[in-house]
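Participant:
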């Protein structure tokens, strides 16, 4: 497990019409082993934030700190699943899943064995040797999620990981993710547009303002675990959902 801190992150992009401030002094904390969700309006800078945490972009100011170490601009410190699966078309499901191990010069044979042992849990049993072009969109996302898990980093960034899946598979993988998080003690930061998903999965939820992103609300999810979609009829669930919706709608009103 590892702690993750986002300290006063600021990011501005240059456009033909002038500079656009995307993140404006953003601060977040994720405790070791905690599951935190980030929701906000489209274009509020959620993916930019993840790219900065992953070291794919450099902030104009501020720092990314993992376990007390400044890792700003450093790649390979977190496991990152972007919105698009980014599977390499010439590799099989298993070879895509172990790609990080190959790049890092690790024990590839052991990683392949682990990947094959997990195929059934991801609904990919019998598809380990298939190329991405043979998979449905949902199967591609599950393969990409498997690759993220096999990265074996104590911090996982999940950017809309289930957005391309059908409702049933999405719910199944959400439950699997909670089980994995509980067993492996991963620290997870999730971006989602789905308020229900955020409430079901997270210990805490950050709500971002429209661009430039600031924290509009930070709320702890005081619902008992284990959780499932049966909670959507719970009064506490409904109250929290209304609170989150109100903050998001107020932000959109002044965007």
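Residue numbers (full-length UniProt numbering): 1 to 255.
Idealized CB from N, CA, C, for every residue including glycine.
State the Cα-Cα distance for the pair residue 181 and residue 18, rounded to the nearest angstrom.
Facilitator: The sequence position of residue 181 within the chain shown is 181, counting from 1. The sequence position of residue 18 within the chain shown is 18, counting from 1. Residue 181 and residue 18: Cα-Cα distance of roughly 42 Å.
Participant: Along the beta strand (DSSP E) that carries residue 87, what are the first and last residues, could you check?
Facilitator: Within the chain shown, numbered from 1, the residue matching residue 87 stands at position 87. Where residue 87 is concerned, there is no enclosing beta strand (DSSP E), given that its DSSP letter is neither H nor E.
Participant: Just verifying my parser: in three-state terms, what is the DSSP assignment at residue 239?
Facilitator: By one-based count along the chain shown, residue 239 stands at place 239. Of the three classes helix, strand and coil, the one that applies to residue 239 here is helix, per DSSP.
Participant: May I have a chain-ordered list of the alpha helix (DSSP H) segments no shorter than 4 residues that lie completely inside the segment 137-224?
Facilitator: Taking only runs of at least 4 residues, the alpha helix (DSSP H) segments lying wholly in the segment 137-224 are 137-149, 167-184 and 195-201.
Participant: Which word fits residue 160, buried or exposed, when buried means at least 16 other C-beta atoms lie within 10 angstroms of its C-beta?
Facilitator: Looking up residue 160 in the chain shown gives position 160. The residue is buried, with at least 16 neighbouring Cβ atoms inside 10 Å.
Participant: State buried or exposed for residue 35, treating a residue as buried only when at least 16 other CB atoms are found within 10 Å of its CB.
Facilitator: As a position in the chain shown, residue 35 is number 35, starting the count at 1. Classification for residue 35: buried.
Participant: Helix, strand or coil for residue 254 per DSSP?
Facilitator: For the purposes of this step, residue 254 is taken as residue 254 along the chain shown, with counting starting at 1. Caution is warranted here: a pLDDT of 44 is assigned to residue 254, below 50, making its placement in the model unreliable, and the coordinate value is therefore given only provisionally. Residue 254: coil per DSSP, three-state reduction.
Participant: Please give the ranges of any alpha helix (DSSP H) in the segment 24-93, keeping only runs that are unbroken, at least 4 residues long and fully inside the region.
Facilitator: Those alpha helix (DSSP H) runs which fall completely within the segment 24-93 and span 4+ residues are 46-53.
Participant: Give every residue of the same chain whose Cβ lies closer than 7 Å to the Cβ of residue 246, excluding the five residues on either side of it in the sequence, and list them in chain order.
Facilitator: If you number the chain shown from 1, residue 246 lands on position 246. Counting only Cβ-Cβ distances below 7 Å, and skipping sequence neighbours, we find nothing.
Participant: Here's the rule: buried if 16 or more other CB atoms are within 10 angstroms of the residue's CB, otherwise exposed. What is residue 51?
Facilitator: Along the chain shown, read from residue 1 onward, the residue named residue 51 stands at position 51. Buried, since its Cβ has 16 or more Cβ neighbours within 10 Å.
Participant: Around the Cβ of residue 102, are there at least 16 other Cβ atoms within 10 angstroms (buried) or fewer (exposed)?
Facilitator: For the purposes of this step, residue 102 is identified with residue 102 of the chain shown, where counting begins at 1. Answer is exposed; the Cβ neighbour count stays below 16.
Participant: Counting C-beta neighbours from all protein chains within 10 Å, is the total for residue 41 16 or more, i.e. buried, or is it exposed?
Facilitator: On the chain shown, position 41 is the one that residue 41 refers to. Per the 10 Å Cβ criterion, buried.
Participant: Residue 93 and residue 129 - do their beta-carbons sit closer together than 9 Å?
Facilitator: The sequence position of residue 129 within the chain shown is 129, counting from 1. The sequence position of residue 93 within the chain shown is 93, counting from 1. For residue 129 and residue 93, yes; Cβs fall inside 9 Å.
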